[in-house]
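**Student:**
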Amino acid sequence: MASKLELTVICENSVSPGPPGLIGEHGWSCYVETGLQRLLFDTGQGLGILNNSLILKKELSSINAIVLSHGHYDHTSGLPAVLRMSGPREVYAHPDIFLPRYYKRDRDIREIGLRYKREYLEGIGAKFVEVKKFTEIYPGIFLTGEVPRVTTFEPPDPHMKLKDPETGWIQDPLLDDLSMVIDTPEGLFVILGCAHAGIINILTYVQENLPGRPIHTVIGGTHLGLADPAQFEDTLSALGEFNIKRLGAAHCTGLKNGARLYSALGDRYFFAPVGTRVSVPFT
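3 is the number of the first residue of the sequence shown in the working numbering; add one for each residue after it.
In structure tokens, the structure reads:
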């Protein structure tokens, strides 16, 4: 169990009132300190990671390891810049992060995968540690690995595609989507990337693997920004069953559904732009 925890949002779509010079970008990264460990969860799109970490006084050279939530550019493109600051480090991720990935909607087709080859990243210091199962990487710090899809209302994003050489475009199941879980005296602290696996699927899997531990805080991208009204309402209803004390939504949550979450959750909800700090004991 982590005796204390401080999380600082380094990259996000928007910026909180705070030190001047912070940069917002479509992406996600946070700096996690547990007393004994300093971890970087995701690296954003690469535009703000160095600038923002410097302004927020979070030393990338002192991190113990890096965690990548999944293989999309807006969570991984800052990795080379981070490695140049940190030196060789372990990088925890699912092996599917290197799959070529696309966003396809009618004639709009874009590459959205990891922009760098594994060989290049390893050449500049990435020591990849593959995570497919629920795994404790440090005492009290866990990665979910692949999350089983058990709900009926959290389908994969139909615009996320892989390209099969024989059959053409196929649905990307995003099996590499993983989250970080930190066990604290206040309860479990869950850090999401984009929640492509579905936030309810993720929280269900966390409780299955850490039974008896309440989920106190959830923070990160919820991928509810494009959820249709039925999915949003089903998600909101299911969230109530977890008795979460705080939900810090960011990145792919979207402004409209973020506002709806605030309306439903009240003071239990907070927005998590660049500069947000959350700590245990909770402040």
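We put the beta carbon where it would ideally sit given N, CA and C, even for glycine.
#1: For T45 and A83, what's the separation of their Cα atoms in angstroms?
#2: Does the region 121-128 come close enough to the region 157-165 that 3 or more CB-CB pairs lie under 8 Å?
#3: Starting from the N-terminal side, write out each stretch of the alpha helix (DSSP H) that is 4 residues or longer and does not extend beyond the region 154-231.
#4: Do you know offhand how far Q47's Cα is from H225's?
#5: Drop a sphere of 10 angstroms on the beta-carbon of A261, count the other beta-carbons inside from all chains shown, and report buried for 16 or more, exposed for fewer.
#6: Touch check for the region 51-58 and the region 94-108: three-plus C-beta pairs under 8 Å?
#7: Can you tell which of S63, Y104, R86, A67 has its C-alpha closest to the C-alpha of G73?
#8: Use the C-beta contact count for N245: other C-beta atoms within 10 angstroms, 16 or more gives buried, fewer gives exposed.
#9: Within 10 angstroms of the Cβ of D98, are there 16 or more other Cβ atoms? Answer buried if so, exposed if not.
#10: For T219 and E168, what's the separation of their Cα atoms in angstroms?
#11: Could you give the distance in angstroms between the alpha-carbon of D174 and the alpha-carbon of L194?
#12: If you draw a straight line from the C-alpha of L62 to the C-alpha of C254, how long is it?
#13: Classify H253 as helix, strand or coil using the three-state DSSP reduction.
#14: Restricting to runs no shorter than 4 residues, where is the alpha helix (DSSP H) found entirely within the region 21-90?
#15: Return the Cβ separation of A128 and L190 in integer angstroms, given the expectation that the two are a contact with Cβ distance under 8 Å.
#16: CB-CB under 6 Å to S88, same chain, minus the five flanking residues each way: which ones, in chain order?
#17: Could you round the C-beta distance between T278 and V34 to whole angstroms and report it? I think they count as a contact, below 8 Å.
#18: Could you tell me how far apart the beta carbons of Y75 and I114 are, in whole angstroms, since I believe they sit closer than 8 Å?
#19: Between the Cα of S181 and those of P187, R109, P158, K135, spot the shortest distance and give me the residue it belongs to.
#20: At what residues does the beta strand (DSSP E) containing L9 begin and finish?
#21: What residues match up with L145 in a beta bridge as DSSP calls it?
#22: Which residue's Cα is closest to the Cα of Q233: F155, P213, I202?
#23: Would you list the residues sitting across from V276 in a DSSP beta bridge?
#24: For the putative contact between L223 and A252, defined by C-beta atoms under 8 Å, what is the C-beta separation to the nearest angstrom?
#25: Just tell me which of E138, R270, T206, G256 has its CA closest to the CA of M3.
#26: Going by DSSP, what residue range makes up the beta strand (DSSP E) through R112?
#27: Pull up the distance between the alpha-carbon of E8 and that of G142, whole angstroms please.
#28: With respect to the beta strand (DSSP E) encompassing R103, which residues constitute its N-terminal and C-terminal limits?
**Tutor:** The structure says:
#1: Taking the straight line from one Cα to the other gives about 9 Å.
#2: Counting C-beta pairs with one atom in each stretch, the region 157-165 and the region 121-128 have fewer than three that are closer than 8 Å, which means they do not touch.
#3: 201-211
#4: 17 Å
#5: exposed
#6: no
#7: Y104
#8: Looking at its Cβ environment, which holds fewer than 16 other Cβ atoms inside 10 Å, N245 is exposed.
#9: buried
#10: 44 Å
#11: 19 Å
#12: 25 Å
#13: helix
#14: 51-57, 75-78, 81-88
#15: So it is not a contact: roughly 28 Å between Cβ atoms.
#16: L62, S63, I65
#17: In fact, because the Cβ distance is near 13 Å, the residues do not count as touching under 8 Å.
#18: Going by Cβ atoms, the distance from Y75 to I114 rounds to 6 Å, so yes, they are a contact pair.
#19: K135
#20: 7-13
#21: T137, M182
#22: F155
#23: V17
#24: A small correction: the amino acid at residue 223 is Gly; Leu does not occupy that position in the sequence shown. That belief holds up - the Cβ atoms of G223 and A252 are roughly 6 Å apart, short of 8 Å.
#25: Here the closest residue by C-alpha is E138.
#26: 110-113
#27: 14 Å
#28: Element bounds for R103: n/a, residue is neither H nor E.
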